[in-house]
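Structure record follows, encoded as structure tokens.
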Amino acid sequence: MSLKSKSEDSSSSRVIIVVVLIIEVVIVVVVVVVVVVVVVVVVVVVVIIVVAVAVVVVHATVVEVVVKVVMVIIVDLQAHNLESPSDQRPAARTTYQCYLPLVFPQPSSSRRSCLPSFVQAQINGRLIQQSK
Numbered sequence: 192m193s194l195k196s197k198s199e200d201s202s203s204s205r206v207i208i209v210v211v212l213i214i215e216v217v218i219v220v221v222v223v224v225v226v227v228v229v230v231v232v233v234v235v236v237v238v239i240i241v242v243a244v245a246v247v248v249v250h251a252t253v254v255e256v257v258v259k260v261v262m263v264i265i266v267d268l269q270a271h272n273l274e275s276p277s278d279q280r281p282a283a284r285t286t287y288q289c290y291l292p293l294v295f296p297q298p299s300s301s302r303r304s305c306l307p308s309f310v311q312a313q314i315n316g317r318l319i320q321q322s323k
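Numbering (the numbering used here), first residue to last: 192 to 323.
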């Protein structure tokens, strides 16, 4: 009788341990999913606000603003991929001063020369169209 009682105790304790572990895993998964959903919602709201502000400031359509922002991101990523470690240009200058004309076109005298030629051609074409 005592052997049977010990085996039942150990098996019931194993079941309890397994149930507790399963509950802990479920709780961790739920917390991770909730955090990911909250982060995605915050990012979407921030993107919507930024696009709305840009549309009001630039007086452009939503599609134009989104295309310009995507172009800035692509050009910025290409620039960082092409930069060599010996390049001493600060990243802030590259990102904010060189690519700003993509979002807010400026007269050619104030434009930076670090933009790739295809981007400069697009900006020049837009400025010519706007001036007509």
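Note that beta-carbon positions come from the ideal geometry of N, C-alpha and C, so glycine has one too.
Exposure of residue 266, with buried meaning 16 or more beta-carbon neighbours within 10 Å: Here residue 266 refers to the residue found at position 75 when the sequence shown is read from its first residue. So residue 266 counts as buried.
Residue 284 classed as buried or exposed, judged by whether at least 16 other C-beta atoms fall within 10 angstroms: Taking the sequence shown and counting its residues from 1, the one referred to as residue 284 is at position 93. Because residue 284 sits at a pLDDT of 47, beneath the cut-off of 50, its placement in the model cannot be relied upon, and the following sentence gives the value as read from the coordinates. Residue 284 comes out exposed.
Which of helix, strand or coil DSSP assigns to residue 270: Position 79 of the sequence shown, counted from the start, is the residue given in the question as residue 270. Residue 270: helix per DSSP, three-state reduction.
Coarse secondary structure for residue 251, derived from DSSP in three states: What you label residue 251 is simply residue 60 of the sequence shown in a count that begins at 1. Three-state DSSP puts residue 251 in coil, outside helix and strand.
Cβ neighbour criterion (16 or more within 10 Å) applied to residue 270: Residue 270 sits at position 79 when you count from the first residue of the sequence shown. Its Cβ being crowded by 16 or more others within 10 Å, residue 270 is buried.
Spatial neighbours of residue 301 in its chain, beta-carbon cut-off 7 Å, leaving aside the 5 residues before and after: In the sequence shown, the residue the question calls residue 301 occupies position 110. With a pLDDT of only 49 at residue 301, under 50, the local geometry of the prediction cannot be trusted, and no value is derived from it.
Close Cβ partners of residue 232 (< 6 Å) along its chain, the five nearest in sequence each way excluded: In the sequence shown, the residue the question calls residue 232 occupies position 41. Nothing meets the Cβ criterion.
Length of the line joining the Cα atoms of residue 254 and residue 206: What you label residue 254 is simply residue 63 of the sequence shown in a count that begins at 1. What you label residue 206 is simply residue 15 of the sequence shown in a count that begins at 1. Residue 254 and residue 206 have their C-alpha atoms spaced approximately 58 Å apart.
Classification of residue 256 by the beta-carbon crowding that lies within 10 angstroms, buried from 16 upward: As a first step, residue 256 must be located in the sequence shown, where it is residue number 65. So residue 256 counts as buried.
Residue 263 versus residue 228: straight-line alpha-carbon distance, rounded: Along the sequence shown, one-based indexing puts residue 263 at 72. Along the sequence shown, one-based indexing puts residue 228 at 37. If you take the alpha carbons of residue 263 and residue 228, they lie about 27 Å apart.
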